[in-house]
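Novice: Residue numbers (this note's numbering), protein chains in the order written: chain A, 584 to 985; chain B, 13 to 116.
Don't be surprised by glycine CBs; every beta carbon is placed ideally from N, CA and C.
Just dropping this structure here.
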């Protein structure tokens, strides 16, 4: 037999870590290879008001957004320097009237395009036009498995029913579908039903993502933080479903780091394999990076190329690798495994982005901060502060689902 | 439900094809073949690339094996077992589906 065929497997033993596969083969970029995938936040405008929104608390206004021509130039430049995938996100990317044109341009320059949407603004005609323009994949966020919880979390009446409708159109148009379920204390009890919903919608993938606590979510932590018992139950449910639904539904699970012993390898390490572009054109190491004050993020509107900003800008190099670390990270055996965790979380919780992420048990702040989170999880504070351009609106007794 | 052929069992009669969400592409920057999928970029090895390029939804696995056995002047039985195992692995990971009639 042919020995070459014996080894004929996809090179990744873990398909979730395709990035490492290419890294190990050596990429062309000198120090830090150009990322394989980039997140384009087309706008911060969004009809939903989810209290855990990952956008910065200081939202970019519509008037500061990149124009159609600017985005097209960006997409061309990304493809040229070796980016392979573009995720169109927001805010709500379908709030941009030029989305079809941008997707078509992404296809023309050879980018694999993914739409990350709340779906509530999508018509069947718009979705068909996006498919025709070459859109490769659709990811729809869900806030629950039924309207009472889901519409309340979204702060938008009718959101859930609309999402279900758009998910069905997605499959009718033969577009692959990922259901993204953002989980927290007030909807974790629905997880088994959400998994079934994803199966019923004929989704290819389900992302079970626990809320990450910075920006808007940090303001709402007391209303969102799950209990330890909920997290243990969640892991059990996910593991069981992953086995049961093998080949039917792929389930990716984002573990909440508040209850972990080690922090997450946030973004795969600052400036190592990911950047995103804000609505106003800033190149950021992660979508929450603007929450860290004192860092200057350069824009595609500056006179530098995107590749130059990635490789040389002060903001990207500040927390790259391990040279910036203080103790306990500096001498830690895990420093190249988790890169000290999340810089945004370190900044939000300790005031210094150069500190160890308090999610790590080795952080001197860990015990104090996470005891507080545990108390919040056990508490009765369930009212949301809704995300909006007005700086947030507190939920009232009457506006459940309004 | 739609007959989209998830969870397929690969046999010589199968006519596999990459699902819409998976694209096989040569990455000029890094000079490797890649499979692009949601949140994933995989680098299949040379042989996997060769087999994947034959997966057009028209050609049967049987025909692929004949072609590869002829090309490598190798034992057909061994090639068959290897190709089917590899395709099954790809299918289990969601990177292959079975050709089907268009419903719309």
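Checking 8 Å against the spacing of the C-beta atoms, do residue 621 of chain A and residue 661 of chain A come in under that value?
Specialist: As a first step, residue 621 of chain A is located in the first chain; it is residue number 38 there, counting from the start. As a first step, residue 661 of chain A is located in the first chain; it is residue number 78 there, counting from the start. Contact: yes.
Novice: Pairing CB atoms from the segment 897-913 of chain A with CB atoms from the segment 816-830 of chain A, are three or more of them under 8 Å?
Specialist: no
Novice: Which term fits residue 893 of chain A, buried or exposed, when burial requires 16 or more other beta carbons within 10 angstroms of its beta carbon?
Specialist: Start at 1 with the first residue of the first chain, and residue 893 of chain A comes out as number 310. By the 10 Å Cβ count, residue 893 of chain A comes out buried.
Novice: Using the rule of at least 16 other Cβ atoms within 10 Å of the residue's Cβ for burial, across every protein chain shown, is residue 608 of chain A buried or exposed?
Specialist: Start at 1 with the first residue of the first chain, and residue 608 of chain A comes out as number 25. With a pLDDT of only 41 at residue 608 of chain A, under the threshold of 50, the placement of this residue in the model should not be trusted; the figure read from the coordinates follows. Counting the other Cβ atoms within 10 Å of the Cβ of residue 608 of chain A gives fewer than 16, which makes it exposed.
Novice: Give the range of the alpha helix (DSSP H) segment to which residue 740 of chain A is assigned.
Specialist: Locating residue 740 of chain A in the first chain gives position 157, where the first residue counts as 1. Residue 740 of chain A -> no alpha helix (DSSP H), and no H or E assigned at all.
Novice: Can you give me the start and stop residues for the alpha helix (DSSP H) that residue 94 of chain B sits inside?
Specialist: By 1-based counting over the second chain, the position of residue 94 of chain B is 82. Element bounds for residue 94 of chain B: 88-104.
Novice: Just reading off the beta strand (DSSP E) that residue 552 of chain A is part of, what are its end residues?
Specialist: No answer is possible for residue 552 of chain A: it lies beyond the span of chain A, which begins at 584 and ends at 985.
Novice: Give the DSSP-derived three-state secondary structure of residue 874 of chain A in the structure shown.
Specialist: By one-based count along the first chain, residue 874 of chain A stands at place 291. DSSP places residue 874 of chain A in helix when its eight states are reduced to three.
Novice: Pair every Cβ in the segment 728-737 of chain A with every Cβ in the segment 68-78 of chain B, then say whether three or more of these pairs are closer than 8 Å.
Specialist: For the pair of segments examined, the segment 728-737 of chain A was found not to touch the segment 68-78 of chain B: the number of CB pairs separated by less than 8 Å stays below three.
Novice: Looking at residue 890 of chain A and residue 669 of chain A, is the spacing between their C-beta atoms short of 8 Å?
Specialist: As a first step, residue 669 of chain A must be located in the first chain, where it is residue number 86. As a first step, residue 890 of chain A must be located in the first chain, where it is residue number 307. No, the Cβ-Cβ distance between residue 669 of chain A and residue 890 of chain A is not below 8 Å.
Novice: Run through chain A and tell me which residues come within less than 9 Å of residue 32 of chain B, C-beta to C-beta.
Specialist: Taking the second chain and counting its residues from 1, one reaches residue 32 of chain B at position 20. Those are 719, 720, 757, 758, 759, listed as they occur along chain A.
Novice: Secondary structure at residue 928 of chain A, three-state DSSP: helix, strand or coil?
Specialist: Counted from its first residue, the first chain places residue 928 of chain A at position 345. Of the three classes helix, strand and coil, the one that applies to residue 928 of chain A here is helix, per DSSP.
Novice: According to DSSP, is residue 672 of chain A helix, strand or coil?
Specialist: Taking the first residue of the first chain as 1, we reach residue 672 of chain A at position 89. Strand.
Novice: Does the contact criterion of 3 or more C-beta pairs under 8 Å hold for the segment 962-974 of chain A versus the segment 71-90 of chain B?
Specialist: As far as the Cβ criterion goes, the segment 962-974 of chain A does not touch the segment 71-90 of chain B, which means the pair count is below three.
Novice: Going by DSSP in three states, residue 723 of chain A sits in which element: helix, strand or coil?
Specialist: As a working note, residue 723 of chain A is residue 140 in the first chain. Residue state, collapsed to three classes: strand.
Novice: My output table needs one value for residue 76 of chain B: the three-state DSSP class, helix, strand or coil.
Specialist: The residue given as residue 76 of chain B occupies position 64 in the second chain. Helix, per DSSP.
Novice: On a Cα-Cα basis, can you pick out the residue from A/813, A/828, A/697, A/943 that is closest to residue 676 of chain A?
Specialist: Mapped onto the first chain, residue 676 of chain A falls at position 93. Taking only the C-alpha atoms, the option nearest residue 676 of chain A is A/697.
Novice: With 16 as the cutoff for other CB atoms within 10 Å, does residue 886 of chain A come out buried or exposed?
Specialist: As a position in the first chain, residue 886 of chain A is number 303, starting the count at 1. The residue in question, residue 886 of chain A, is exposed, as its Cβ has fewer than 16 Cβ neighbours within 10 Å.
Novice: Taking buried to mean at least 16 other C-beta atoms within 10 Å of its own C-beta, is residue 804 of chain A buried or exposed?
Specialist: Stepping through the first chain from its first residue, residue 804 of chain A is reached at position 221. That one is buried.
Novice: Could you tell me which of A/770, A/709, A/776 sits nearest to residue 749 of chain A, measuring between CA atoms?
Specialist: In the first chain, counting from the first residue as 1, residue 749 of chain A sits at position 166. The residue with the shortest Cα to Cα distance from residue 749 of chain A is A/709.
Novice: Note down, in chain order, each residue of its chain lying with its Cβ closer than 7 Å to the Cβ of residue 919 of chain A, except the 5 sequence neighbours on either side.
Specialist: For the purposes of this step, residue 919 of chain A is taken as the residue at position 336 of the first chain. The answer, listed in chain order, is 905.
Novice: So, under 8 Å CB-CB, residue 618 of chain A and residue 33 of chain B are touching, yes? Tell me the CB distance rounded to an integer number of Å.
Specialist: Looking up residue 618 of chain A in the first chain gives position 35. Looking up residue 33 of chain B in the second chain gives position 21. In fact, because the Cβ distance is near 20 Å, the residues do not count as touching under 8 Å.
Novice: With H, G and I counted as helix, E and B as strand and the rest as coil, what does DSSP make of residue 28 of chain B?
Specialist: Stepping through the second chain from its first residue, residue 28 of chain B is reached at position 16. Strand, per DSSP.
Novice: With a cut-off of 8 Å, does the C-beta of residue 69 of chain B fall near any C-beta of chain A?
Specialist: What you label residue 69 of chain B is simply residue 57 of the second chain in a count that begins at 1. Taking Cβ atoms only, chain A never reaches closer than 8 Å to residue 69 of chain B, which makes this a no.
Novice: Reducing DSSP to helix, strand and coil, say where residue 842 of chain A ends up.
Specialist: On the first chain, position 259 is the one that residue 842 of chain A refers to. Of the three classes helix, strand and coil, the one that applies to residue 842 of chain A here is helix, per DSSP.
Novice: When burial is assigned at 16 or more other CB atoms within 10 Å of the CB, is residue 637 of chain A buried or exposed?
Specialist: By one-based count along the first chain, residue 637 of chain A stands at place 54. Residue 637 of chain A is buried by the Cβ-count criterion.
Novice: Pull up the DSSP beta-bridge partners for residue 760 of chain A, would you.
Specialist: By 1-based counting over the first chain, the position of residue 760 of chain A is 177. Within the DSSP bridge table, the entry for residue 760 of chain A names A/721 as partners.
Novice: Can you list, in chain order, the residues of its chain with a C-beta nearer than 7 Å to that of residue 917 of chain A? Leave out the 5 residues immediately preceding and following it.
Specialist: The residue given as residue 917 of chain A occupies position 334 in the first chain. Closer than 7 Å at the Cβ level, and outside the excluded window around residue 917 of chain A, lie 845.
Novice: With a threshold of 8 Å between beta-carbons, can residue 836 of chain A be considered close to chain B, or not?
Specialist: By one-based count along the first chain, residue 836 of chain A stands at place 253. Closer than 8 Å: no.
Novice: Taking the alpha helix (DSSP H) that residue 20 of chain B belongs to, which residues open and close that run?
Specialist: Taking the second chain and counting its residues from 1, the one referred to as residue 20 of chain B is at position 8. Counting along the chain, residue 20 of chain B falls outside any alpha helix (DSSP H), and DSSP gives it neither H nor E.
Novice: Give a yes or no on whether the C-beta atoms belonging to residue 624 of chain A and residue 693 of chain A are separated by under 8 Å.
Specialist: Within the first chain, residue 624 of chain A is the residue found at index 41, counting from 1. Within the first chain, residue 693 of chain A is the residue found at index 110, counting from 1. The answer is no: Cβ separation not under 8 Å.
Novice: Can you tell me whether residue 595 of chain A is buried or exposed, with buried defined as 16 or more other CB within 10 angstroms of its CB?
Specialist: Along the first chain, one-based indexing puts residue 595 of chain A at 12. Annotation note: pLDDT 34 at residue 595 of chain A (below 50); position unreliable, no value reported.
Novice: Using a Cβ-Cβ cutoff of less than 6 Å, which residues in the same chain neighbour residue 688 of chain A once the five nearest sequence positions on both sides are dropped?
Specialist: Along the first chain, one-based indexing puts residue 688 of chain A at 105. Cβ neighbours of residue 688 of chain A beyond the five flanking positions: 655, 658.
Novice: Could you tell me which residues DSSP pairs with residue 41 of chain B in its beta bridges?
Specialist: Numbered from 1 along the second chain, position 29 holds the residue referred to as residue 41 of chain B. Residue 41 of chain B pairs with nothing; no bridge assigned.
Novice: Give the interface partners of residue 104 of chain B over in chain A, defined as CB-CB distance under 8 Å, in chain order.
Specialist: Walking along the second chain from the start, residue 104 of chain B turns up at place 92. By Cβ distance, chain A contributes 829, 830.
Novice: What separation, rounded to the nearest whole angstrom, lies between the Cα atoms of residue 40 of chain B and residue 899 of chain A?
Specialist: Here residue 40 of chain B is taken as the residue at index 28 of the second chain, counted from 1. Here residue 899 of chain A is taken as the residue at index 316 of the first chain, counted from 1. Using only the alpha carbons, I get a separation of about 25 Å.
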